[in-house]
Amino acid sequence: MRLAGQPSLDALCGEYVVGTLRGAARRRFERALHDEPLVAQRLRHWQNNFMPRYAPMIETRPSPRVWKRLEKTLGLARPPWFRRGSWAIAATAVLVIVIGLQLARQEPDAVLIAELSGQAATVSAHLSRDGRTLVLHSDRPVIAGPSQSYELWLLTPEGDVLSLAVLGSLDTRFELPERHRSRLRGQLAVSIEPAGGAPGGKPTGPVILVGAIKV
Amino acid sequence: MLDDRVIKALLLRAAARDEGSAEAFRRLYELSAPLLLGVAQRVLARRELAEEVLHDAFARIWHAAASFDPLAAPPVAWMTAIVRNRAIDVRSSHDVSRVDSYHATLDEDPEGSLDRLFDWNPAADDGEDRRRTAQWLRECLARLGAPERQSLVLAYEHGLSHSELAQHLKKPLGTVKAWVRRGMASLRGCVEARMDGAAP
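Order-wise, the sequence lines are chains A and B. The first sequence begins at 1 in the working numbering and counts up one residue at a time. The second sequence begins at 1001 in the working numbering and counts up one residue at a time.
Okay, here's the thing in C-alpha cells:
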C-alpha cells in the first residue's frame, strides 16, 4: 500500500523522527522511504524543521578500537580494496571497448566531441554528422535515483549556461534543441537536479561531470 | 558542530568507491563519530554497547553510502537515524537497565533540559530560514503541554518505546501514545503556522 498521500503520513514521519515507530511498522516506513519519493520528501521536511540539532555537549570520543575494527570489517586497511580489483578494471576496459565498438557501428557518422569526467564515471559525447543528435555513453552504468535527474548543460565561451537535456541515465541519445545546435562550443557539464530537472532552468545541484568540447 | 555540506561531500566521496573513498570515510568517521556515539550512549546508557552500535552503524553507512540520496535526506539526520535505529534495536534485545534518573530536572526545568540536549545557536553556515525555523521550534517546544514535551524529549533522547514511556511516567499506554502523537502534531502545527505567517 502506498503511503504517499495518506493522512497518516505526517504522524508516521513524526513517530519515525522521535523514534517511537518500531519493528514491522518502521521497516514498512523505511521501504516506502526508499520506494516513494514523496514520502522521502515529507520526511525531509520533518528532519529539517522539527529535529533540533544535538548539543556538542553530548559528544563522546570513541576508543580507537572502534575504527580499527571498522577498517578490518570493511577491508579499508591495506591492501587497499581498490587495488585488489585490477582484474575488474581490465574487464571493464574490455567491456567499454566492446560497447564502444557497438556504438560506433550504430552511429557510423557520429564524431566524438567531448569526454566528460568526474568521480561517478567518464562519459563520451558523440555528435551525429548532421549535428542533430547527441549520444552519451558512460564507462559504467549510472542511473539517477527516484527523486533526482541528471541535467546536461552547455557552458558557452560567452558565459551562457544552457540546458541541453534532462537525463535519467548517463547512457542515452537525444535530439539537440534546435536553437542550441549552432552554439555547441565551450564545455559540457552534468549536474544532479531534482526529478524533472532544475526548476529555474539554471543548475542547482552538484556538478558531477565536466568536459571541454573539441572543435 | 557538523556541517551538512562537509558531511555530504564526504559521503558522496566514500560512495564513489575510488582511490579517495577510504580516506573520505575515515574523515567522515573522525568528524561525526563523537556526536553519533553520544547519541547511541543516550539510548543505551552502556559504553561498550554504544561502541558496538557505532561500529555496526558505520559499517551500514559505508554500504548504504551509494544509495544515499543527497536530495532526499539531510546527511547528518540520515546518519543519526541509522545510529539511533540501530541503538533502539540493540536496546530492545538487551536488558539495558532502566536509567532511573532520566532526568529529574525535566519536570522542574523543561527549558534547561531542552538547552542541555540541543543546540539552538545558529551555525555559521545556516541560512536565514534555518535560523528562524530553529527559533520557532524552540518556542513551539516550550509551548507544548508538560506531559507532551516530556514524552517527546524522553523518547527522542533515550529512545524509549511507548511502553517504556508508560512505565517510566506511570501512565496508561494509551495516554502516553496520545501524548507523543499530540505532541508531534502540535509541534508541527505551531511551526508551520509560523512558517505560513512569515511567507511573503
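Glycine is no exception: its CB is placed at the ideal position from the N, C-alpha and C atoms.
Residues in its own chain within less than 8 Å of residue 161 of chain A by CB, not counting five upstream and five downstream? What you label residue 161 of chain A is simply residue 161 of the first sequence in a count that begins at 1. Here the set comprises 153, 154, 155, 202 and 203.
Enumerate in chain order the residues of its own chain whose CB-to-CB distance from residue 1157 of chain B is below 7 Å, with the five nearest sequence positions on each side excluded. Here the question's residue 1157 of chain B lines up with position 157 in the second sequence. If we look at residue 1157 of chain B and ignore the five residues flanking it on each side, its Cβ neighbours are 1042 and 1117.
Buried versus exposed, by CB contacts within 10 Å (16 or more), residue 1075 of chain B: As a first step, residue 1075 of chain B is located in the second sequence; it is residue number 75 there, counting from the start. Taking a 10 Å sphere around the C-beta of residue 1075 of chain B, we find 16 or more other C-beta atoms and assign the residue as buried.
Among B:1085, B:1028, B:1059 and B:1140, whose alpha-carbon lies nearest the alpha-carbon of residue 1273 of chain B? Since the first residue shown for chain B is 1001 and the last is 1200, residue 1273 of chain B is missing from the structure and cannot be characterised.
Alpha-carbon spacing of residue 1167 of chain B relative to residue 51 of chain A, whole angstroms: Walking along the second sequence from the start, residue 1167 of chain B turns up at place 167. Walking along the first sequence from the start, residue 51 of chain A turns up at place 51. Residue 1167 of chain B and residue 51 of chain A have their C-alpha atoms roughly 25 Å apart.
Taking 7 Å as the limit between beta carbons, can you name the residues of its chain near residue 44 of chain A, skipping five residues before and five after? Locating residue 44 of chain A in the first sequence gives position 44, counting from the first residue. Apart from sequence neighbours up to five positions away, no residue of its chain approaches residue 44 of chain A with a beta-carbon distance below 7 Å.
Once DSSP output is grouped into helix, strand and coil, what is the label at residue 1120 of chain B? On the second sequence, residue 1120 of chain B is found 120 positions in, with the first residue counted as 1. Three-state DSSP puts residue 1120 of chain B in coil, outside helix and strand.
Express the C-alpha separation of residue 5 of chain A and residue 1101 of chain B in angstroms, rounding to a whole number. Numbered from 1 along the second sequence, position 101 holds the residue referred to as residue 1101 of chain B. Numbered from 1 along the first sequence, position 5 holds the residue referred to as residue 5 of chain A. Low confidence applies here, because residue 1101 of chain B scores a pLDDT of 46, under 50, leaving its location unreliable; read the following figure in that light. Cα-Cα distance, rounded: 41 Å.
Using the Cβ count rule (16 or more neighbours within 10 Å means buried), how would you classify residue 140 of chain A? Locating residue 140 of chain A in the first sequence gives position 140, counting from the first residue. Note on residue 140 of chain A: under 16 other CB atoms within 10 angstroms of its CB, so exposed under the neighbour-count rule.
Just checking: is the beta-carbon of residue 233 of chain A within a distance shorter than 7 Å of some beta-carbon in chain B? Within the shown structure, residues of chain A are numbered from 1 to 215, placing residue 233 of chain A beyond reach of any answer.
Determine the contact status of residue 1031 of chain B and residue 1040 of chain B, defining contact as a CB-CB distance below 7 Å. One-based indexing of the second sequence puts residue 1031 of chain B at position 31. One-based indexing of the second sequence puts residue 1040 of chain B at position 40. Inclusion of residue 1031 of chain B and residue 1040 of chain B in the CB contact set at 7 Å is not warranted, their separation being larger than that value.
What does DSSP give as the partner residue(s) for residue 174 of chain A in the beta ladder? Mapped onto the first sequence, residue 174 of chain A falls at position 174. Residue 174 of chain A is bridged by DSSP to A:134.
For the ligand MN, is there a heavy atom less than 6 Å away from the beta-carbon of residue 1035 of chain B? This structure simply doesn't include the ligand MN, nor any ligand for that matter.
So with Cβ pairs under 7 Å, would you call residue 55 of chain A a contact of chain B? To locate residue 55 of chain A, count along the first sequence from 1; it is residue 55. Residue 55 of chain A counts as touching chain B.
Through-space distance from residue 178 of chain A to residue 105 of chain A, alpha-carbon basis: Start at 1 with the first residue of the first sequence, and residue 105 of chain A comes out as number 105. Start at 1 with the first residue of the first sequence, and residue 178 of chain A comes out as number 178. Its pLDDT being 49, under 50, residue 105 of chain A is placed unreliably by the model, and nothing is read from it.
Taking residue 1033 of chain B as the reference, which of B:1019, B:1155, B:1022 and B:1002 has the closest Cα? Locating residue 1033 of chain B in the second sequence gives position 33, where the first residue counts as 1. Closest by alpha carbon: B:1002.
Mapping DSSP to helix, strand and coil, what is residue 107 of chain A? Stepping through the first sequence from its first residue, residue 107 of chain A is reached at position 107. Only weak support exists for where residue 107 of chain A lies, its pLDDT of 49 falling under 50; the value from the coordinates is given anyway. Here residue 107 of chain A carries a coil assignment [DSSP, helix/strand/coil].
If we define contact as Cβ-Cβ less than 7 Å, is residue 1167 of chain B a contact residue for chain A? Locating residue 1167 of chain B in the second sequence gives position 167, where the first residue counts as 1. No, residue 1167 of chain B lies away from the interface with chain A (no Cβ there is under 7 Å from its Cβ).
The alpha helix (DSSP H) that contains residue 1061 of chain B, what's its start and end? As a first step, residue 1061 of chain B must be located in the second sequence, where it is residue number 61. Unbroken alpha helix (DSSP H) run through residue 1061 of chain B: 1047-1064.
Within the stretch 17-43 of chain A, ranges of the alpha helix (DSSP H) (whole runs, at least 4 residues): 23-35, all fully within the stretch 17-43 of chain A.
Residue 1080 of chain B - containing alpha helix (DSSP H), residue span: Indexing the second sequence from 1 puts residue 1080 of chain B at position 80. 1075-1093 is the span of the alpha helix (DSSP H), which, as asked, contains residue 1080 of chain B.
Cα separation between residue 182 of chain A and residue 148 of chain A? Numbered from 1 along the first sequence, position 182 holds the residue referred to as residue 182 of chain A. Numbered from 1 along the first sequence, position 148 holds the residue referred to as residue 148 of chain A. In this model, residue 182 of chain A and residue 148 of chain A are separated by some 29 Å (Cα to Cα).
Is the beta carbon of residue 173 of chain A less than 7 Å from the beta carbon of residue 111 of chain A? Position 173 of the first sequence, counting from 1, holds the residue named residue 173 of chain A. Position 111 of the first sequence, counting from 1, holds the residue named residue 111 of chain A. No. Outside cutoff.
Mind checking the stretch 138-172 of chain A against chain B and listing, in chain order, the residues whose C-beta falls within less than 9 Å of any C-beta there? Within the stretch 138-172 of chain A, the residues whose Cβ lies closer than 9 Å to any Cβ of chain B are, in chain order, 145, 146, 147 and 148.
I believe residue 1119 of chain B touches residue 53 of chain A by the beta-carbon criterion, under 8 Å. Please report the beta-carbon distance rounded to the nearest angstrom. Numbered from 1 along the second sequence, position 119 holds the residue referred to as residue 1119 of chain B. Numbered from 1 along the first sequence, position 53 holds the residue referred to as residue 53 of chain A. Contact between residue 1119 of chain B and residue 53 of chain A holds: CB atoms are separated by about 5 Å, below the 8 Å threshold.
Opposite residue 211 of chain A in the DSSP bridges: which residues? In the first sequence, counting from the first residue as 1, residue 211 of chain A sits at position 211. Paired residue(s): A:188.
Whole-angstrom distance between residue 1115 of chain B and residue 1184 of chain B, CA atom to CA atom: In the second sequence, the residue the question calls residue 1184 of chain B occupies position 184. In the second sequence, the residue the question calls residue 1115 of chain B occupies position 115. When rounded, the distance between both Cα atoms is 19 Å.
Report the rounded CA-to-CA distance for residue 17 of chain A versus residue 1174 of chain B, giving the unit in angstroms. Numbered from its first residue, the first sequence carries residue 17 of chain A at position 17. Numbered from its first residue, the second sequence carries residue 1174 of chain B at position 174. Rounded to whole angstroms, residue 17 of chain A to residue 1174 of chain B spans 20 Å at the Cα level.
Determine which residues share a DSSP beta bridge with residue 153 of chain A and list them. Taking the first sequence and counting its residues from 1, the one referred to as residue 153 of chain A is at position 153. Residue 153 of chain A is bridged to A:163 and A:189.
Could you check what DSSP says for residue 1023 of chain B in three-state terms: helix, strand or coil? Here residue 1023 of chain B refers to the residue found at position 23 when the second sequence is read from its first residue. Helix.
Run down chain B in chain order and give the residues with a C-beta less than 7 Å from the C-beta of residue 194 of chain A. Position 194 of the first sequence holds residue 194 of chain A. What residue 194 of chain A touches in chain B: 1071.
Compute the distance between the beta-carbons of residue 164 of chain A and residue 125 of chain A, then report whether it is under 7 Å. The residue labelled residue 164 of chain A in the question sits at position 164 within the first sequence. The residue labelled residue 125 of chain A in the question sits at position 125 within the first sequence. Not in contact: residue 164 of chain A and residue 125 of chain A (Cβ atoms no closer than 7 Å).
Could you tell me the alpha carbon to alpha carbon distance between residue 36 of chain A and residue 1088 of chain B, rounded to whole angstroms? The count along the first sequence starts at 1 and reaches residue 36 of chain A at position 36. The count along the second sequence starts at 1 and reaches residue 1088 of chain B at position 88. For residue 36 of chain A and residue 1088 of chain B, the distance between alpha carbons rounds to 25 Å.
Excluding the 5 residues preceding and the 5 following residue 47 of chain A in the sequence, name in chain order all residues of the same chain whose CB lies nearer than 7 Å to its CB. Locating residue 47 of chain A in the first sequence gives position 47, where the first residue counts as 1. So the list reads 17, once near-sequence residues are dropped.
Would a C-beta distance cut-off of 7 Å place residue 1056 of chain B and residue 1091 of chain B closer than the cut-off? For the purposes of this step, residue 1056 of chain B is identified with residue 56 of the second sequence, where counting begins at 1. For the purposes of this step, residue 1091 of chain B is identified with residue 91 of the second sequence, where counting begins at 1. No.
For the alpha helix (DSSP H) that contains residue 1010 of chain B, what are its first and last residues? By 1-based counting over the second sequence, the position of residue 1010 of chain B is 10. From DSSP, the alpha helix (DSSP H) with residue 1010 of chain B extends over 1004-1015.
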